[in-house]
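These notes concern the structure reproduced below.
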Amino acid sequence: MLQELRVKNYALLDQVSVIFEHGFTALTGETGAGKSLLVNALGLLLGEKSNTQFIRHGSEEAEVIGVVRLGDHPMVRALLSDLDIDVGDDCLELRRVVRVKGNSSIYANGARITREQLQEISALLFDMHGQHEHQSLYNQENQRLLLDRVAKIQEDVQLFSQQFTLLRTKKEQLKLMREQAETDLADRIYREKAYEEIGELKPSQEEKDELLARANQLENRERIQQTLQRFHAMMRGNSGLILGLKEARHLLKHLEDSESRELEKRLEGAILEVEDVSDSFSLLQDTLMGSPDELDRVQAKLMEYQRLEKKYGSGHLAGLLKYYQDIEIELGEQNNAEHLQVELESEIEALEQELRQKTLVITQQRESSARYLEEEMEKLLGEVSLPHARLVVSVAPRKNRAGDRVIGSTGADEVAFLFSANAGEPLKPLKEVASGGESSRILLILKSVLASQEEVDCLIFDEIDTGIGGEVAVQVAKHMRRLAQKKQVICITHLASIAAAAQSQLKIEKEVVDDHTRTNIHTMTHEQRVEEIARMLSGNTGDHALEHARSLLNSHDG
-15 MLQELRVKNY ALLDQVSVIF EHGFTALTGE TGAGKSLLVN ALGLLLGEKS NTQFIRHGSE
45 EAEVIGVVRL GDHPMVRALL SDLDIDVGDD CLELRRVVRV KGNSSIYANG ARITREQLQE
105 ISALLFDMHG QHEHQSLYNQ ENQRLLLDRV AKIQEDVQLF SQQFTLLRTK KEQLKLMREQ
165 AETDLADRIY REKAYEEIGE LKPSQEEKDE LLARANQLEN RERIQQTLQR FHAMMRGNSG
225 LILGLKEARH LLKHLEDSES RELEKRLEGA ILEVEDVSDS FSLLQDTLMG SPDELDRVQA
285 KLMEYQRLEK KYGSGHLAGL LKYYQDIEIE LGEQNNAEHL QVELESEIEA LEQELRQKTL
345 VITQQRESSA RYLEEEMEKL LGEVSLPHAR LVVSVAPRKN RAGDRVIGST GADEVAFLFS
405 ANAGEPLKPL KEVASGGESS RILLILKSVL ASQEEVDCLI FDEIDTGIGG EVAVQVAKHM
465 RRLAQKKQVI CITHLASIAA AAQSQLKIEK EVVDDHTRTN IHTMTHEQRV EEIARMLSGN
525 TGDHALEHAR SLLNSHDG
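Numbering-wise, our numbering puts 424 at position 440 of the sequence shown, and it's gapless, one number per residue.
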């Protein structure tokens, strides 16, 4: 529970310290006394954005401190433990400093924390009902949020929303990939054809050089033929080299000296060598002359080189080879992109399946909690002077304009609060039939249902009594008194009926000290309460008003 609130240099709140009791505390004061300032100061402890305009004139900084007794708060203690914040004495001091220069500091038991961490802590400690919050109940998204709080699936829905966003991102990526693939299709077909065309040639500088040399040989076959014929005549002709060597060897055989024998052997070797050269040259002749159609084939391949060089390589083999290498890389990248696209399609399919399964669970939890909420609301509507009213929580399939069921960022459901204030009247959307006073009371008992489920033990209401009065106000006051048996209830009110139901009452009023206006807050005695409630009833403290005020207070003493 909130034990103490200290405010310093916050607008007209010069230096204020307020002690809160357990149970039901009412804060009252005339219009303009500064009740809204106190609400704003409390808002800072809940993690709302700071505003340097609220720093008291002449001061460098404003400070708001809230002292909270934790009691049995396992979730808060676990969170504080995660943040390395010590709570050994069972108390938590939340401190917020707002400076003129714009920088703000936040502390929890002296440890520096962020505004997001403060919001996380305060959400487990306080539930504050803003002055116009009942109007938010008309919004279907807020109705869905309330139902999810009852179902305790906020974290599940938040995770679902994150996965849904991821799914949309992946689908957008897939769309872009498909569009890019479609845009690149013509270019890809062209490149694949080029790659296949060049690949069939298998071009290389070495092969081209060989083809050019071979073409040159084949184009000069007549000259080569003449050269070969002369060579053959010199080697094998009637007066050729081989025959001459054989005749010389024959002559040496008629000489019988050893030196002649040696020369004969050498001639025999020479004859064998020359014959081998002649035979090799015959093979060379076949190679050099080639087949009759070889020149056509060589020239055809050189023409293919020339054609592809002109088409893809700017007329050069080097350009053709580079182009072939480049498109090989690009086609590889495109193949990789196709693989990534297949993977992405698989991821999307798996994520869609997972989300479909989760929507079934979320819908089931919402439907179950909707029935629970309806039952609890039915029990409480009579307590706030709505005995014949009905509230139905509709959980229907979410549909698109075509009427098809769809999944959205919060699941597959459309949540709507349907209301009927009187017996026999049809149920209609809350925003169409509920008055401001009725919606305020509905929100009050909704908060009561939530409070019974959650660890939050401090409920703060800023003029929950908007649009009500008379007997309705009396019934609302009794409900808040009953609520305060289990929770700490702090209520800023302008209705005497509600103030009288409180177990303690704080007076908010302006005063002028040394020509400076400031707002002061003090706890009232019983007699001070009588006078304040009399003022709230009739605007004066006459005997009749005082008697009426005492009667109101005494009606709650039992």
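Note that beta-carbon positions come from the ideal geometry of N, C-alpha and C, so glycine has one too. These numbers come from a predicted model, not from an experiment.
How do the segment -3 to 13 and the segment 464 to 482 stand: do at least 3 beta-carbon pairs fall below 8 Å, yes or no? With a cut-off of 8 Å, the segment 464 to 482 and the segment -3 to 13 count as touching, because enough Cβ pairs lie within range.
By the three-class DSSP mapping on this structure, what secondary structure does residue 500 have? In the displayed model, residue 500 falls within a strand according to three-state DSSP.
Return yes when the Cβ of residue 537 is within less than 9 Å of the Cβ of residue 519, no when it is not. Going by C-beta atoms, residue 519 is not nearer than 9 Å to residue 537.
So what does DSSP say about residue 380, is it helix, strand or coil? Three-state result, residue 380: strand.
Just to confirm the assignment, what range does the beta strand (DSSP E) spanning residue -8 have? It spans -14 to -6 - the beta strand (DSSP E) in which residue -8 sits, taken as one unbroken run.
Taking buried to mean at least 16 other C-beta atoms within 10 Å of its own C-beta, is residue -6 buried or exposed? By the beta-carbon neighbour count (other beta carbons within 10 angstroms, threshold 16), residue -6 is buried.
Is it true that the CB of residue 424 sits closer than 9 Å to the CB of residue 398? No, the Cβ-Cβ distance between residue 398 and residue 424 is not below 9 Å.
Measuring alpha carbon to alpha carbon, tell me which residue in 321, 234 and 89 is nearest residue 247. With distances taken between CA atoms, residue 247 lies nearest to 234 out of 321, 234 and 89.
By a C-beta neighbour count over all protein chains shown, 10 Å radius and 16 as the cutoff for buried, is residue 380 buried or exposed? Exposed: under 16 other Cβ atoms inside 10 Å.
Put residue 187 into one of helix, strand or coil per three-state DSSP. If DSSP states are grouped into helix, strand and coil, residue 187 belongs with coil.
Pick from 327, 391, 386 and 375: whose alpha carbon is nearest that of residue 342? The shortest C-alpha separation from residue 342 is found at 391.
With residue 122 and residue 414 assumed to form a contact (beta carbons below 8 Å), what rounded beta-carbon distance in angstroms separates them? Yes, residue 122 and residue 414 are in contact; Cβ-Cβ is about 6 Å, under 8 Å.
First through last residue of the alpha helix (DSSP H) which encompasses residue 457: Counting along the chain, residue 457 sits inside the alpha helix (DSSP H) bounded by residues 454 to 467.
Using alpha carbons as the reference points, say which of 104, 32, 229 and 420 lies closest to residue 59. Considering only alpha carbons, the answer is 104.
Leaving aside the five residues before and after residue 82 along the sequence, list all residues of the same chain whose C-beta is less than 7 Å from its C-beta, in chain order. Answer for residue 82: 34, 36, 39, 45, 46 and 88, listed in chain order.
Is the separation between the beta-carbon of residue 505 and that of residue 483 shorter than 9 Å? Not in contact: residue 505 and residue 483 (Cβ atoms no closer than 9 Å).
Does DSSP put residue 489 in a helix, a strand or coil? Residue state, collapsed to three classes: strand.
Can you give the Cα-Cα distance for residue 355 and residue 376, rounded to whole angstroms? For residue 355 and residue 376, the gap between their C-alpha atoms comes out near 8 Å.
For a test of your reading of the model: does the CB of residue 349 fall under 8 Å from any non-hydrogen atom of the ligand NAP? Yes or no. The ligand content of the structure shown is nil, which means the ligand NAP is not present either.
Which of the three DSSP states, helix, strand or coil, is assigned to residue 391? Residue 391: coil per DSSP, three-state reduction.
With distance defined between alpha-carbon atoms, name the residue in 443, 224, 346 and 240 nearest to residue 382. Nearest C-alpha to residue 382: 346.
Name, in chain order, the residues that DSSP records as bridge partners for residue 73. For residue 73, DSSP records no beta bridge to any residue.
Using 8 Å for Cβ pairs, my map puts residue 311 next to residue 178. What's the rounded Cβ distance? With a Cβ gap of about 6 Å, residue 311 and residue 178 count as contacting.
Output the distance between the C-alpha atoms of residue 70 and residue 419, rounded to the nearest integer angstrom. In this model, residue 70 and residue 419 are separated by some 47 Å (Cα to Cα).
What three-state label does DSSP hand residue 287 in the structure shown? Of the three classes helix, strand and coil, the one that applies to residue 287 here is helix, per DSSP.
Is the separation between the beta-carbon of residue 130 and that of residue 443 shorter than 9 Å? Their beta carbons are not under 9 Å apart, which means residue 130 does not touch residue 443 by this criterion.
Could you give the residue range of the beta strand (DSSP E) that holds residue 92? 88 to 92 is the span of the beta strand (DSSP E), which, as asked, contains residue 92.
Look at residue 304 and residue 173 and say whether their C-beta atoms are less than 9 Å apart. Contact flag unset, no.
Taking only three categories from DSSP, how would you classify residue 400? Strand, per DSSP.
Apart from the five residues on each side of it in sequence, which residues of its chain come closer than 7 Å, Cβ to Cβ, to residue 62? None.
Tell me residue 277's beta-bridge partners as DSSP assigns them. None; residue 277 has no bridge partner.
Nearest by alpha-carbon distance to residue 349: which of 136, 18, 68 and 99 is it? Nearest of 136, 18, 68 and 99 to residue 349, Cα basis: 136.
Secondary structure, alpha helix (DSSP H): runs of 4+ residues fully inside the segment 400 to 436: Fully enclosed alpha helix (DSSP H) runs of 4 or longer: 414 to 417.
Rounded distance between the beta-carbons of residue 289 and residue 192, thought under 8 Å: With a contact defined as Cβ atoms closer than 8 Å, residue 192 and residue 289 qualify at about 6 Å.
Just the C-alpha distance for residue 144 and residue 389, rounded to the nearest angstrom, thanks. Approximately 17 Å between the Cα atoms of the pair.
Which runs of the alpha helix (DSSP H) spanning at least 4 residues fall entirely within the segment 13 to 55, listed in chain order? For the segment 13 to 55, whole alpha helix (DSSP H) runs of length 4 or above, ordered along the chain, are 19 to 29.
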